[in-house]
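In this note's numbering, the protein residues as written are 571 to 951.
Some notes on the structure that comes next.
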């Protein structure tokens with residue numbers, strides 16, 4: 571009696587992996603690529619865009635190494651290129667493990683480790699003469715406490731004690747601005763600027779709220795930021811889509827963070843004729859983009875957080891939203907419920923419209939009776 575044939579994963583053009591991979595899966599579909607998506611949700615929107623969407627059970631800080639690697643082994647043929655989004659800044663070792671069987675397109679594990687180490691980043695920014703707030707390992711009165719390698723703003727606190735994995739950064743004045751760019755390891759092309767805001771909660775006063783873009787800046791500001799980005803790429807060999815978080819006053823700015831991956835502003839900028847994920851793959855392979863970014867009308871994207879433990883079954887899901895969980899899920903207080911979008915003639919109008927839509931959704935959520943106990947069912951990877 572013959573033994574059963576060994577399991578062979580289906581072929582895919584690309585694997586996209588992030589805490590929430592919907593935007594990456596959408597961009598892959600726009601590029602005509604058959605994508606395997608691995609994230610913590612595998613929601614309906616992600617399933618619509620990906621050839622296959624797999625939900626991987628996470629842990630306290632996102633992905634659990636053994637579970638994610640097991641899901642890749644089961645579903646992704648070795649050698650399939652992988653694009654990593656949010657969830658790996660604190661785990662360059664996991665990035666390296668993935669890269670050994672599935673080539674990671676974008677920043678290398680070594681580059682991520684360098685850019686997400688606050689003291690290495692500060693030293694590098696000094697070398698290229700880019701302004702950056704002072705950082706320290708020990709507690710400083712009035713300084714911000716941040717977790718190295720974290721994202722989303724939920725980890726930031728004012729003050730506190732020194733702790734392993736955390737550092738302190740002197741507060742700086744200015745309005746938050748982010749610059750999205752493509753790098754090929756030697757040069758970079760600036761795609762555009764977005765304005766960001768926080769959605770404070772008692773436990774997370776700097777929690778990420780949303781972004782709107784593109785927003786205009788002066789020629790002097792654009793030139794100075796391009797010079798800064800070119801210096802970062804020359805120092806690190808950074809490849810692929812990445813972003814620079816800034817605080818801006820007039821034409822002056824300070825650099826807060828470098829995010830060496832596609833991030834939240836993909837929703838804001840991935841609306842032109844060409845897919846930004848395709849551009850990321852090209853730039854990661856050393857092919858420098860030549861076409862200038864497409865001119866886009868402003869669009870805003872805002873994360874809607876659950877004001878209390880709630881069930882979402884039966885709630886209206888407007889066409890201008892995405893990232894809804896499964897209908898039978900219960901969302902714990904403070905967790906993301908969905909993302910709302912709004913486009914308008916100006917950045918201010920787009921932000922105003924998305925704020926109104928956010929309020930409408932929060933009103934709907936307020937009408938839902940709190941759930942007895944928050945749970946999230948998980949499909950085996």
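Glycine is no exception: its CB is placed at the ideal position from the N, C-alpha and C atoms.
Residue 773 is classed as exposed because its beta carbon has fewer than 16 other beta carbons within 10 Å across all chains shown. Three or more beta-carbon pairs drawn from the segment 669 to 679 and the segment 805 to 822 are found closer than 8 Å, and the two stretches are therefore classed as touching.
Contact between the segment 711 to 730 and the segment 693 to 700 is absent: fewer than 3 CB-CB pairs across the two stretches fall below 8 Å. DSSP places residue 622 in the uninterrupted beta strand (DSSP E) bounded by 622 to 625.
For residue 747, the closest of 860, 819, 839, 806 by C-alpha to C-alpha distance is 819. Spatial neighbours of residue 658 in its own chain (CB-CB distance under 6 Å, excluding positions within 5 residues in sequence) are listed in chain order as 665.
Only residues of its own chain outside the window of five on either side were considered, and among them 817, 818, 819 have a CB closer than 6 Å to the CB of residue 744, listed in chain order. Put simply, the backbone Cα of residue 899 is about 17 Å away from that of residue 891. The criterion of a C-beta distance shorter than 9 Å is not satisfied by residue 853 and residue 862. In the three-state reduction of the DSSP assignment, residue 765 falls in the strand class. Beta-bridge partners of residue 673 (DSSP): none assigned.
Counting only the Cα atoms, residue 782 lies some 22 Å from residue 742. If you ignore the 5 residues before and after residue 837, its C-beta comes within less than 6 Å of the C-beta of 593, 871, all in its own chain and listed in chain order. Following the DSSP letters along the chain, one finds residue 817 inside the beta strand (DSSP E) bounded by residues 809 to 819. When secondary structure is reduced to three states using DSSP, residue 634 falls in the coil class, being assigned neither helix nor strand. DSSP places residue 684 within a helical segment (H, G or I) once states are collapsed to three.
The alpha-carbon separation between residue 636 and residue 749 amounts to approximately 34 Å. In the three-state reduction of the DSSP assignment, residue 745 falls in the strand class. The shortest C-alpha to C-alpha distance from residue 922 to any of 753, 869, 615, 901 is the one to 869.
Beta-bridge analysis with DSSP links residue 759 to 752.
Note on residue 793: under 16 other CB atoms within 10 angstroms of its CB, so exposed under the neighbour-count rule. Its Cα nearest to that of residue 908, the residue 932 stands out among 918, 932, 764. Residue pairing by DSSP puts residue 715 in a beta bridge opposite 727, 738. In the DSSP secondary-structure assignment, residue 609 is bridged to 625. Beta-carbon to beta-carbon, residue 598 and residue 605 are separated by about 4 Å, close enough to satisfy the 8 Å threshold. Unbroken alpha helix (DSSP H) runs of no fewer than 4 residues, entirely contained in the segment 842 to 902, are found at 846 to 854, following chain order. Considering only 767, 693, 668, 843, the residue with the shortest C-alpha distance to residue 834 is 767.
In terms of Cα proximity to residue 649, the closest of 864, 779, 671 is 671. Under the three-state reduction of DSSP output, residue 907 falls in the strand class. Beta-bridge pairing by DSSP links residue 823 to 818.
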